[in-house]
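There are 4 protein chains.
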Amino acid sequence: MIKVTIWNEFRHEKSSERVKAIYPNGLHAAIKEYLDTDEELEVRLSALDDEDQGLPDEVLNDTDVLLWWGHMAHKEVNDELVDKIQTRVYMGKMGFIALHSAHYSKPFRKLIGTSGNLSWGRDQKEIMWNLMPSHPIAAGIPDHFILESEELYSEPFAIGQPDALVFGGWFEDGHIMRSGACFIRGAGRIFYFQPGHEYCRSYYNPYVLRIIKNAIYWAKPCEPGYEIINDAPHITEPIINEFNNL
Amino acid sequence: MIKVTIWNEFRHEKSSERVKAIYPNGLHAAIKEYLDTDEELEVRLSALDDEDQGLPDEVLNDTDVLLWWGHMAHKEVNDELVDKIQTRVYMGKMGFIALHSAHYSKPFRKLIGTSGNLSWGRDQKEIMWNLMPSHPIAAGIPDHFILESEELYSEPFAIGQPDALVFGGWFEDGHIMRSGACFIRGAGRIFYFQPGHEYCRSYYNPYVLRIIKNAIYWAKPCEPGYEIINDAPHITEPIINEFNNL
Amino acid sequence: MIKVTIWNEFRHEKSSERVKAIYPNGLHAAIKEYLDTDEELEVRLSALDDEDQGLPDEVLNDTDVLLWWGHMAHKEVNDELVDKIQTRVYMGKMGFIALHSAHYSKPFRKLIGTSGNLSWGRDQKEIMWNLMPSHPIAAGIPDHFILESEELYSEPFAIGQPDALVFGGWFEDGHIMRSGACFIRGAGRIFYFQPGHEYCRSYYNPYVLRIIKNAIYWAKPCEPGYEIINDAPHITEPIINEFNNL
Amino acid sequence: MIKVTIWNEFRHEKSSERVKAIYPNGLHAAIKEYLDTDEELEVRLSALDDEDQGLPDEVLNDTDVLLWWGHMAHKEVNDELVDKIQTRVYMGKMGFIALHSAHYSKPFRKLIGTSGNLSWGRDQKEIMWNLMPSHPIAAGIPDHFILESEELYSEPFAIGQPDALVFGGWFEDGHIMRSGACFIRGAGRIFYFQPGHEYCRSYYNPYVLRIIKNAIYWAKPCEPGYEIINDAPHITEPIINEFNNL
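Chains as they are written, first to last, in the working numbering: chain D, 1 to 246; chain S, 1001 to 1246; chain C, 2001 to 2246; chain L, 3001 to 3246.
Below, the structure is given as structure tokens:
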């Protein structure tokens, strides 16, 4: 059983009729509906305007993989919460999946070590290319699939060199994007995935949903992680002495 | 169900009483005994002196992950068989795990693009360090474990830069080794793991066995792989035309 | 001084009036003309139909970086020559740059460990994106530049995961391509660069030329390389004994 | 000409007679003395207790590569200064080299996205192994070299997976360390190098010094970097329109 929390800023869906028409219960609810069909996943919803910004300790510390969608209110997220997320991810207790405009969210920027910057423009046609057909996040995904409309997200994307580049996006206006990228930080696993503009229907696309599910399985913590993360340990007994105890 | 074939040169165990005393049925049998406790794995044994060098098409084409141990008879392996293994791995139909002296085997060298060279010396104490506690191949493995005796395998190891470095070996005489390394080639996943000298007991070590099992799960093929591998396709219909069919 | 040899199949320029009109002295000569403006580079031309397929030992062993363009005659290249190239690159004595259709050449396939397969189609507009503005191969290159016409080369490209992805290509028909990719194999450095169809004028584009020059500097050998490559050395004196000699 | 600033906490050299005896003018001065022999480098010294913590804007903005050594006073470094360093590095205006205990410095941790944690212990023998003989940072370095005494720094080291692992350290007590590691973040290049305990003489070792010099050349900025880093740009004119201007 993997415990998944989908954190959504959940403002656009309330303030915009156009967004509400697409995702009446929030885009996180659309993702949850799909994930709930997998019995191995236990999925919770969480929102910025919930108590403790949706992530009180009892929720955060009970989450194996945290999905994050934010856009207009990145700055409102408490720095203390970001620190807690970072520590939990670096310790290998929780994976993190940044969705669409979360490229510019506080936790993504701090986790990865990036400004999060990219170029962006009008909604348009996108073709998503599968660059690593052997990667577990690409399981079941054909060599490409198409999205009728997505917000233009373009290179330059200030992520340096990801640990694996699984998907690349082609946009009608002449742009490309490293759209699906894996990062290892500390003992934590982080995935960025570009589709998901609030005005588009990407979270109903079966391939987008499958990729998100695959990413949850990829990012879930593997024991033992780093117990050391909050305490750089002083070694007083040389490891080599262990041979004497065999 | 993952179909695993453990290919063993299986000569030392017949020619050396000392090796036979350690692995009476072959070192592949020792690995199989452990893997058989996992119901998800269906494990076959295969040896160089079997018919078709142990890998007739009906076996090879029914194998999801191939483990390979060879040493004194690398040159006897048929080039045609190596080509078949390479194609199957590059297509993403089969993972490949190279054990110990298989660093110098024909399939490993051809798959990876390496001479396979390393330095080597007398049997001695080894400490294996876990460098990526979040990697699935490191699941359940502590930050280090010790092997009372292993053959010295040392850098320089001519593997360039692996796609992930999961384990590093410390040797008593002052050497280190990139001992557990992942490679992506085509749509195939390949893992090299250093312990396993025929005169040592490493294939009875619970951590060594767990790592091998983890590696099998990591290397198993994910659909769809590359169907194109034997035929670089000419595109006669632009992908962009697919938008018209929506 | 870096000694550069540009190896060209040099058949299309003789058999096709259309190609000859673009590259009257061969496409390798167009590249040489640009490189000759750099006093640090000493550039030789070499062709398949020259003696010893253009690479007698005295030339090969005097080459720091080998550029390779081949297309219709990949199969004619001698396997012995390919083996010599591979050994020299793996030893860290020579860098290798594969241009355009050399993705399917014998040396590229053997060096990298790849089938070399990709998809391809009609000539069309391409936009080249700079994905790693800090990479030395991207020095002086803006965030993107455009090529009026190039042959469509598309993903899936069976190169697994390159060690660095510096450029990505956008094609008019809806395709993308990992167009500029770095590989480390043994102690050798290899760069693949996609533009250069014989019917297009890419080898007159100043950015394409600059990238090729940058790649030469990046791929040039750094001492000491691997002396061990042809001889896996047996260690008879533990490294640790060196402390006694201090 | 590369403008180098060596920032040193410069406290141990004043408070400890033992350290002062080794590095009478500070360890940064020992490094400078070596670097000054290279006419391409213009080297400045800088210390925590200097005005503006040694890095007023006119110095920081005139630095191509910043070396950083800190230990007992990490917490005293101003967060505003760390932010300025981070921005300059991510923009590709400045490389960053973290020396020894700077693994736990504010700028390293923030730049990389790491807690910086590792294990540590008593001073002892170290053997440094060259894992990437083709890497520019390894130019001129043999397959290994030895340090009579260094502080034990050991795995687990919470850096996830570096973009290149150039050196690995072997320690007498049974430990290994990823001792020389490259990171790409934004358009910036960062190198961590483990030797340099204040009680040891590593900054007089010719190989250690050569590696630091090589790292400066590797980390120096390449134009154009990311101009976008402080401003995610809105694209109002499709790139594809540029074809009309050809």
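Where a beta carbon is used, it is the ideal one built from N, C-alpha and C, also for glycine. From a predicted model like this one, the values you see are computed outputs, not experimental measurements.
Residue 1147 of chain S has a beta carbon lying at 8 Å or more from every beta carbon in chain C. When 9 Å is used as the limit between beta carbons, residue 3111 of chain L is near these residues of chain D: 113, in chain order.
It is roughly 49 Å from the alpha-carbon of residue 3169 of chain L to the alpha-carbon of residue 2172 of chain C. Of all residues in the segment 2137-2164 of chain C, the ones placed with a Cβ closer than 7 Å to any Cβ belonging to chain D are 2143, 2155, 2156, 2161 and 2164, in chain order. A Cβ-Cβ separation of about 11 Å leaves residue 2225 of chain C out of contact with residue 3142 of chain L under the 8 Å criterion. Per DSSP, the beta bridge partners of residue 188 of chain D are D:185.
With distances taken between CA atoms, residue 3099 of chain L lies nearest to L:3153 out of L:3246, L:3140 and L:3153.
By alpha-carbon distance to residue 1117 of chain S, the top candidate from S:1158, S:1147 and S:1006 is S:1158. Between the C-alpha atoms of residue 52 of chain D and residue 3233 of chain L there is a straight-line separation of about 33 Å. Contact annotation for residue 2116 of chain C against chain L: no contact, minimum CB-CB distance about 22 Å [criterion: below 9 Å].
Within the segment 2172-2204 of chain C, contact with chain D at the beta-carbon level (separation under 8 Å) is assigned to 2174, 2175, 2176 and 2178. Of all residues in the segment 3231-3246 of chain L, the ones placed with a Cβ closer than 9 Å to any Cβ belonging to chain C are 3239, 3240, 3242, 3243 and 3246, in chain order. Setting aside the 5 residues that flank it on each side, residue 210 of chain D is surrounded in the same chain by 140, each with a C-beta closer than 6 Å to its C-beta; the list follows chain order.
The closest CA to that of residue 78 of chain D, considering only D:65, D:45, D:61 and D:54, is found on D:54. Within chain L, the residues whose beta carbon sits less than 7 Å from that of residue 2127 of chain C are 3239, listed in sequence order. In the structure shown, residue 154 of chain D adopts extended strand secondary structure according to DSSP, grouped into three states.
In the DSSP secondary-structure assignment, residue 201 of chain D is not bridged to any residue. Beta-bridge analysis with DSSP links residue 47 of chain D to D:8. Going by beta carbons, residue 43 of chain D and residue 198 of chain D fall outside the 8 Å limit. For residue 223 of chain D, the residues of chain S that pass the 8 Å Cβ criterion are 1139 and 1140, in the order they occur in the chain.
Under the three-state reduction of DSSP, residue 3074 of chain L is assigned to helix.
Residues are counted here when their Cβ sits less than 8 Å from a Cβ of chain D; for the segment 1080-1109 of chain S these are 1092, given in chain order.
Selection D:148, D:187, D:220 and D:128 evaluated against residue 201 of chain D yields D:148 as nearest (Cα-Cα). Beta-carbon to beta-carbon, residue 2072 of chain C and residue 2011 of chain C are separated by about 6 Å, close enough to satisfy the 8 Å threshold. Residue 1163 of chain S sits close to residue 1184 of chain S, with the two beta carbons spaced by under 8 Å. Just measuring C-alpha positions, the residue of L:3221, L:3076 and L:3212 sitting nearest residue 3028 of chain L is L:3212. Secondary structure at residue 2052 of chain C: helix, using DSSP grouped into helix, strand and coil.
Distance from the CA of residue 5 of chain D to the CA of residue 3205 of chain L, rounded to the nearest whole angstrom, comes to 52 Å. If you look at residue 97 of chain D, you'll find it in the beta strand (DSSP E) that goes 95-99.
For the set C:2130, C:2008 and C:2102, the Cα lying nearest the Cα of residue 2026 of chain C is the one of C:2008.
The beta-carbon of residue 16 of chain D is placed no less than 8 Å from the nearest beta-carbon of chain S. For residue 2068 of chain C, no CB of chain S lies under 8 Å from its own CB, so it is not counted at the interface with that chain. Between the C-alpha atoms of residue 1110 of chain S and residue 2107 of chain C there is a straight-line separation of about 12 Å. DSSP places residue 3086 of chain L within a helical segment (H, G or I) once states are collapsed to three. Collapsing the DSSP output to three states places residue 2179 of chain C in a strand. Boundaries of the beta strand (DSSP E) around residue 3123 of chain L: 3119-3130.
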